[in-house]
Amino acid sequence: MSEAEPGHGGSRPALARPYSWTEGRTQPAVEIAVEAQVRATVDWIPHPRTSPLWTVIGLCAEPCSVAEIAAHMAVPLGVAKVLVADLLRDGLVSVAATLGEDASVDERRELIERVLSGLRAR
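Mapping the sequence shown onto our numbering, position 19 (from 1) lands on 1448, and the numbers just tick up by one.
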């Protein structure tokens, strides 16, 4: 049985390739919440168009959560966070936190419901 590449369908996703995109890193250089809204600040980046970084930039032409990026690319959240952190470091995306440290339980629950609703709608 062959393994499918992320984002290309198939029977089993291959995890080796997404982790090769991050050079094996599973933790981003900066903490990024899964619900954080990411927006591209550029239309072009100095990487091949086949690069996963190009994919992230394309997905983030309009604000997109880290969870949505992971879902669209069919990669683990850790991979999506590392890719976003790399783009953030290079000034190619902006990341807007959606909740502060002092957010209430109700605010957090509402946010989770909105993220889940957005993921289901795509």
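No residue lacks a Cβ here, since even glycine has one placed at the ideal position from N, Cα and C.
Closest by C-alpha distance to residue i, when choosing among the options
{"i": "Asp1519", "options": "Ala1496, Val1463, Gly1507, Pro1475", "result": "Pro1475"}
{"i": "Pro1558", "options": "Leu1545, Val1504, Arg1543, Ser1523", "result": "Within the shown structure, residues of the chain are numbered from 1430 to 1551, placing residue 1558 beyond reach of any answer."}
{"i": "Pro1492", "options": "Val1467, Val1508, Asp1472", "result": "Val1467"}
{"i": "Glu1460", "options": "Gly1453, Ser1533, Ala1532, Val1495", "result": "Val1495"}
{"i": "Ala1490", "options": "Arg1478, Trp1473, Thr1479", "result": "Trp1473"}
{"i": "Glu1452", "options": "Ala1462, Thr1484, Arg1478, Ala1509", "result": "Ala1509"}
{"i": "Ala1462", "options": "Arg1478, Glu1530, Ser1546", "result": "Glu1530"}
Same chain only: Cβ atoms within 8 Å of residue i, ignoring 5 sequence neighbours per side
{"i": "Gly1438", "result": "Interpretation of Gly1438 is limited by its pLDDT of 45, a score under 50 that renders its predicted location unreliable; no figure is taken from the coordinates."}
{"i": "Ile1541", "result": "Glu1464"}
Neighbourhood of residue i by C-beta, 7 Å cutoff - its chain only, sequence neighbours within 5 removed
{"i": "Leu1488", "result": "Ile1498, His1501"}
{"i": "Arg1537", "result": "Leu1528"}
{"i": "Leu1517", "result": "Val1459, Val1524"}
{"i": "Val1485", "result": "Ile1498, Leu1512, Val1513, Leu1516"}
For residue j and residue i, believed in contact at Cβ under 8 Å, the rounded distance
{"i": "Ala1465", "j": "Ala1514", "result": "Wrong, their Cβ atoms sit about 11 Å apart, outside the cutoff."}
{"i": "Val1522", "j": "Thr1470", "result": "6 Å"}
Same chain only: Cβ atoms within 6 Å of residue i, ignoring 5 sequence neighbours per side
{"i": "Thr1455", "result": "Gly1507"}
Strand pairing of residue i, partner residues [DSSP]
{"i": "Leu1466", "result": "Looking at the sequence itself, residue 1466 is Gln, so the reference to Leu does not match. Answer is Ser1494, Ala1525."}
- Message: Threshold first: 3 residues or longer. Then list the beta strand (DSSP E) segments lying entirely within the segment 1474 to 1530, N to C.
- Response: 1522 to 1525
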